[in-house]
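Residue numbers (our numbering): -11 to 176.
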Ligand SMILES: Cc1cc2nc3c(=O)[nH]c(=O)nc-3n(C[C@H](O)[C@H](O)[C@H](O)COP(=O)(O)O)c2cc1C
């Protein structure tokens, strides 16, 4: 069982974690990413389908994704915006993509998506406890079959829930939440 102090530490990690947009250049140690994924898989998961796959993306893969994303953006936002985004993505120190296996049953897929999001939160909280931040991105590129091809996923079977940029925070944004008394409906 957890002690009071570890519960308080967990609370502190949950509350202080922020989405990080600007990272320092150093990549986090590979073994810490492995530890985070090792913890991620303890997420609640109905029927224990363990539907997730974690793809640790090296610099070459990040570069391929940055170019794919920029190529997609040219048409929508123009060359300058695409180049700016390319440069930003090329500067990312590390990234993990996360997918889950689609099983063809809508209800189970919803459960598996939910479980995979819980796993992602475990991963993010562990890394945050080590001083490493993430940005969960659902950029349109993650649904592109070319993205699946780059990370070695099958677009027919694997749904990517996000691309998680990863690194030591350059700065930590402030965020707030609605007070919980506005979220609660107490029933008899
Ligand atoms: C499913 C999901 C998708 C997200 N996609 C993006 C994204 O594409 N771009 C982005 O800047 N942030 C994205 N975020 C991060 C949220 O914007 C962020 O969690 C929110 O602003 C609250 O900030 P916090 O994480 O620091 O508390 C995503 C978060 C979730 C849960």
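Beta carbons are placed, not taken as given, at the ideal position from N, Cα and C, and that holds for glycine.
- When secondary structure is reduced to three states using DSSP, residue 171 falls in the coil class, being assigned neither helix nor strand.
- Proximity to ligand 1 was defined by a C-beta distance below 5 angstroms to any of its heavy atoms, and the residues meeting it, in sequence along the chain, are 6, 7, 124, 125, 126 and 163.
- Following the DSSP letters along the chain, one finds residue 31 in no alpha helix (DSSP H), marked with neither H nor E.
- Annotation: the continuous beta strand (DSSP E) that includes residue 154 extends over 146 to 155.
- If you draw a straight line from the Cα of residue 171 to the Cα of residue 118, it is about 31 angstroms long.
- For residue 87, the enclosing beta strand (DSSP E) covers residues 82 to 89.
- Rounded to the nearest whole angstrom, the C-alpha separation of residue -4 and residue 34 is 28 angstroms.
- About 16 angstroms separates the beta carbons of residue 103 and residue 124, which is beyond the 8 angstroms limit, so they are not a contact pair.
- Its chain contains 56 as the residues whose beta carbon lies nearer than 7 angstroms to that of residue 134, once the 5 sequence neighbours on both sides are disregarded; these appear in chain order.
- Taking a C-beta distance under 9 angstroms as the contact criterion, residue 50 and residue 75 do not qualify as a contact pair.
- The closest CA to that of residue 11, considering only 140, 80 and 71, is found on 80.
- Rounded to whole angstroms, residue 5 and residue 113 show a C-alpha spacing of 7 angstroms.
- Excluding five sequence positions before and after residue 7, the CB atoms of its chain that fall closer than 8 angstroms to its own CB belong to 121, 122, 123, 124, 161 and 163, given in chain order.
- Beta-bridge annotation (DSSP): residue 45 is paired with 83.
- Of 23, 168 and 62, the smallest CA-CA separation from residue 115 is found for 23.
- When rounded, the separation of the alpha-carbon atoms in residue 17 and residue -9 is 29 angstroms.
- Excluding sequence positions up to five before and after residue 97, its CB lies within less than 7 angstroms of the CB of 90 and 91, all in the same chain and listed in chain order.
- The Cβ atoms of residue 53 and residue 45 sit closer than 9 angstroms to each other.
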